[in-house]
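Chains W and P, in that order, are what the protein sequence lines are.
For the first sequence, our numbering assigns the number 24 to the initial residue and increments by one for each residue that follows.
For the second sequence, our numbering assigns the number 1151 to the initial residue and increments by one for each residue that follows.
Think of the CB as a built atom: it goes at the ideal place given N, C-alpha and C, for glycine as much as any other residue.
Worksheet: one structure, shown below.
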Amino acid sequence: MHSGGNASSLPLVGGAPEPTINQLSKPGRRASRFPKLDVPVTEINNSAIRNDKPSLPEVSEHDLVMHYSRLAHRNFAVDVGFYPLGSCTMKYNPRFADYVAGLNTFANSHPSTPSAFTQGNLEVLHELEKFLIEITGMDNATFQPPAGASGELTGLLIIKKYLEENNLTNKTDIIVPDSAHGTNPASAKMAGFNVVEVSTDVRGMVNIDDLKGLVNENTAGLMLTNPNTGGLFEENIMEISNIIHENGGLVYYDGANLNAIVGVCRPGDMGFDIVHSNLHKTFATPHGGGGPGSGPVAVKAFLKEYLPGPIVEKNEDSYEWYKPKLSIGRMHGYHGNFLVALRALVYMKLLGKEGLDTLGSYAVLNARYLSSVISKVIPLAYNEPCMHEFVATVKDLKKSHKIKAYDVGKALLDKGFHSPTIYFPLIIEEALMFEPTETQTVDTLDDLADTLKAIIDELQGEDVSLEEYPKNLPVGRPNELIPAKHLTVNWGDFELLELTE
Amino acid sequence: MFVPHSEIDLKKMFEELSISSLDDLFTHIPETLKLNDGLNVASSLSELESISDFEILESKNTQNLICFAGGGHYDVYLPQTVKSLTMRPEFMTSYTPYQAEISQGILQVLFEYQSLICDLTDMELANASLYDGATSVAEAVSVAINKTKRDNIVISSGFNPNTKEVVNTLLDRNKFNVNYVDLVDYLFPEDYVFSQDDAAFVVSLPHYEGSAQDLTSIVHNAKAAGVITICYADPSMLGILKSPGSMGFDIVVAEGQSMGSPLSFGGPTVGWFATRKELARLVPGRIIGESRDSNNTKTYVMTLRAREQDIRREKASSNICTNQTLNAVGSTIHLSWLGPEGLYEIGYQAIQKASYMKQLLTDNNFNVLNHTSSLREFLVETKKSAEEVILEMGSKGFLAGIKYDDNQILVAVTEKRTKAQIDNYVQSLMEVDNA
């Protein structure tokens, strides 16, 4: 091990389980203090007022801080180690962006504050829109969608409204590759479309013949990532988008894999009409343990009036909210995840032309290098040059030694690495999907490959019990069936205790 | 920037790949698609250079407006302890806890979050967060539709107009009717008759206009007609209001900003979602459950996964994937910091201060439209247009409230407001609205 970036020091504290905050509670303890009421007391008569105090834990501030700090110690994170997690773009999140997001009126503006008092906030959104449309090759953007899936739904609702306005309501089919993220078909269904799956060819690309057969007068559009979820660039993308456009459909770009092409090429130049970006992936805003994200949607000019409103427009010397005339309506209570958008703007400004022009290149370089060294240990799923991520498969090891992708992932956890994405895309057996991102050093990539090799050797040993992995973490493999069967989903449930007794 | 590759690294990597430049990575991409001159954006900045840029940008917002606006987002005091714990990098820079063995921290916090919300609302099952209050209402309505297979939605008109718009966007209006029921004297009519076609009854506690009522009998009537009842609650008032569960509601959703998130110009905040166990399989989003590992040690995991989009694809209960976990962490730590006394205090002080303000406004000849039924938020009539008043109050250092109607402003008071601020507000409003 050379990098130190592999968390090989096993930072996760083991030992006894941490009690819940409720178990730490003792009557009469408290952390909160408030100023004395400085107005005369009035009697409150309202039938909705309760007569007792709410049920909440009673803890001292020190106990509170120790508890949540101990829990933090039991959590892997980008700041702790390497996440080669395919499809998730777990790159370094610059600290400076947190500083900017904490500045007074950025952090503390009420969302209904009139634009006259929030010119700085509106300028943030306008500046970010300029970056985003330049990077994606589009014309206008909304920042309302708070996550990628919401961005997808926004895009699909735009397609739907556009078809309605053009009296094309017969168009009800959205084509989605069989390798797509689950959010694609789920979003299409939510928008009221039929989902039609197009298959993947042996090279790992959209099967053009199949696509031609599926496209007809009912085709509303196509959802696609490029590079696709196998990490491969769809070389026939112009032909694909032409096929959809010739049939009167629109082409939607799922920005999950945008990191691969920033500065290299642009969805807008490939024929995409609508693009969502995941600011929490490509533009380095922290994932927060599963959110908040931000999934802005950018469109070509002919779709601008369909965007969720209001959007920011620049007048001569001020910024104003503008409500698009054919808007699909709001996707969020206010302006989306503003502070996430702000962090992305900070990242883009720091990178600037030099950083953004080469962003995709370094992401691809790291992935291509890692695929090259890992292919000496585990075979790759496709014999094609990968972009920012690639898929390997242990289907042979499963046959020979019953070693599953799951087992390899779990064993990696023990060595201080996050698991790669496993069993995705669904079309590849025993898939392990690696995405190193551009912010990892070559030393860390080498360490991962070396560790994988050691693991594969170890797991093939004579007396190995795969279920024992991981061995060195606060907990071992969980029994995922217990809560699903007995629904122990809050601390007031005692069914689990009954079960174990 | 943030790319670590040295010349030595590049040489090693290029050799491994038998290439001589970064461009060689992309020989398979059609030439016509490539950006030959790169992107048309400004040059890179160092952190040192950009500090002043961002501080200048921030200064373009009007500074230090004293906030009397609410409508779902409230200027509740957010303690430093909560902010700094929430922003611990182990929470902030972690991924979704699919790998339970290395994610017990975030999983346990989310389990505590679900439990706290269940305790506070008297529900049995909360999810691990939705995007915000408005989208949570829409998700709850979907659950009701899926459960009842009915197509009429009864919604109280006492909602933030933005929330109504979100519901309208997310609900397929070709398939479902939305029936907005007007409030009478700012309260939901006790004698409203529900029909067997109604899938959901959605009401806000307190109403958007700030008035509150015990909704028990209305909920009872709705449930008697087989309607799923949905309460949109104000979390910062739950310490002093009867819990939605005690009123009989089936689902509780909330805009969780006031618990653990700064106002943030509206985002990121968090949508709370809690319900009863019988609706478990229709719940949108992630749920954390308690389990055991192979050594019988307590272990938290994501559970009931068969509802979710990555497994069920187009048959999922929702398309939600990334949610608002970090804001849910904020809610957990803030609620734990507050405890029963603190959460009560927030509600109690807000109501007392609002009472004082309403009386002061009335004494100075302003008409408070829902004086008696309102708690911490209320409607004030203005002679000038509400927009004009809000702009002029801004120049006196106040965010006066939210425009409700042409001559009506929705004013909110939190525990943070002081008597002096309230006195100055009323004085300023007299100057502005009588000028």
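Chain P contact for residue i (CB, 8 Å cutoff)
i	result
residue 225 of chain W	no
residue 33 of chain W	Note that residue 33 of chain W scores 47 on pLDDT, short of 50, meaning its location in the model is unreliable; the coordinates nonetheless yield the value given after this. Taking Cβ atoms only, chain P never reaches closer than 8 Å to residue 33 of chain W, which makes this a no.
residue 424 of chain W	no
residue 246 of chain W	no
residue 54 of chain W	yes
residue 349 of chain W	no
Chain W within 8 Å of residue i, Cβ atoms only
i	result
residue 1370 of chain P	no
residue 1163 of chain P	yes
residue 1339 of chain P	no
residue 1381 of chain P	no
residue 1529 of chain P	no
residue 1457 of chain P	no
residue 1357 of chain P	no
residue 1155 of chain P	yes
residue 1312 of chain P	yes
residue 1389 of chain P	yes
residue 1244 of chain P	yes
residue 1526 of chain P	no
residue 1542 of chain P	no
residue 1512 of chain P	no
residue 1426 of chain P	no
Bridge-paired residues (DSSP) for residue i
i	result
residue 1382 of chain P	P:1354, P:1403
residue 1531 of chain P	P:1558
residue 1296 of chain P	DSSP output for residue 1296 of chain P lists no bridge partner at all.
residue 267 of chain W	According to DSSP, which records beta bridges pairwise, residue 267 of chain W is partnered with nothing at all.
residue 1423 of chain P	P:1403
residue 200 of chain W	W:221
Where residue i falls: helix, strand or coil (DSSP)
i	result
residue 453 of chain W	coil
residue 492 of chain W	coil
residue 1548 of chain P	strand
residue 1243 of chain P	coil
residue 441 of chain W	coil
residue 1311 of chain P	helix
residue 315 of chain W	coil
residue 403 of chain W	strand
residue 1448 of chain P	strand
residue 276 of chain W	strand
residue 63 of chain W	coil
residue 1268 of chain P	helix
residue 1462 of chain P	helix
residue 514 of chain W	coil
residue 249 of chain W	coil
residue 121 of chain W	helix
residue 519 of chain W	Any answer about residue 519 of chain W is weak, because its pLDDT of 40 lies below 50 and its placement is not dependable; what the coordinates show is given next. The answer is helix: DSSP assigns residue 519 of chain W an H, G or I state.
Distance CB(residue i)-CB(residue j) smaller than 8 Å
i	j	result
residue 1376 of chain P	residue 1407 of chain P	no
residue 1484 of chain P	residue 1232 of chain P	yes
residue 245 of chain W	residue 275 of chain W	yes
residue 511 of chain W	residue 1439 of chain P	yes
residue 127 of chain W	residue 1581 of chain P	no
residue 299 of chain W	residue 499 of chain W	no
residue 1288 of chain P	residue 205 of chain W	no
residue 1447 of chain P	residue 1225 of chain P	no
residue 456 of chain W	residue 109 of chain W	yes
Residue i: CB within 7 Å of a non-hydrogen atom of the ligand FMN
i	result
residue 270 of chain W	Only the bare structure without any ligand can be found here, which leaves the ligand FMN out of the picture.
- prompt: Looking at C-beta atoms only, is the number of pairs between the stretch 113-121 of chain W and the stretch 1175-1186 of chain P that lie closer than 8 Å three or more?
  reply: no
Given 8 Å, three or more beta-carbon pairs between the stretch 1419-1439 of chain P and the stretch 1473-1483 of chain P: yes
- prompt: Just checking, does the stretch 1284-1297 of chain P make contact with the stretch 322-342 of chain W on the three C-beta pairs under 8 Å criterion?
  reply: no
- request: Report yes or no: do the stretch 359-374 of chain W and the stretch 218-235 of chain W share at least 3 C-beta pairs separated by less than 8 Å?
  value: no
field: Validate contact between the stretch 1423-1436 of chain P and the stretch 1314-1332 of chain P using beta carbons, cut 8 Å, 3 pairs
entry: no
- request: Kindly confirm or deny that the stretch 275-288 of chain W and the stretch 1443-1454 of chain P touch, where touching means at least three C-beta pairs closer than 8 Å.
  value: no
- prompt: Any contact of the stretch 1351-1363 of chain P with the stretch 1548-1560 of chain P, i.e. 3+ C-beta pairs under 8 Å?
  reply: yes
- prompt: Does the stretch 393-402 of chain W come close enough to the stretch 159-178 of chain W that 3 or more CB-CB pairs lie under 8 Å?
  reply: no
Validate contact between the stretch 53-72 of chain W and the stretch 1564-1574 of chain P using beta carbons, cut 8 Å, 3 pairs: yes
query: Are the stretch 1394-1411 of chain P and the stretch 338-345 of chain W touching by the rule of at least three beta carbon pairs closer than 8 Å?
result: no
field: the stretch 1365-1375 of chain P touching the stretch 1391-1402 of chain P, judged by at least three CB pairs closer than 8 Å
entry: yes
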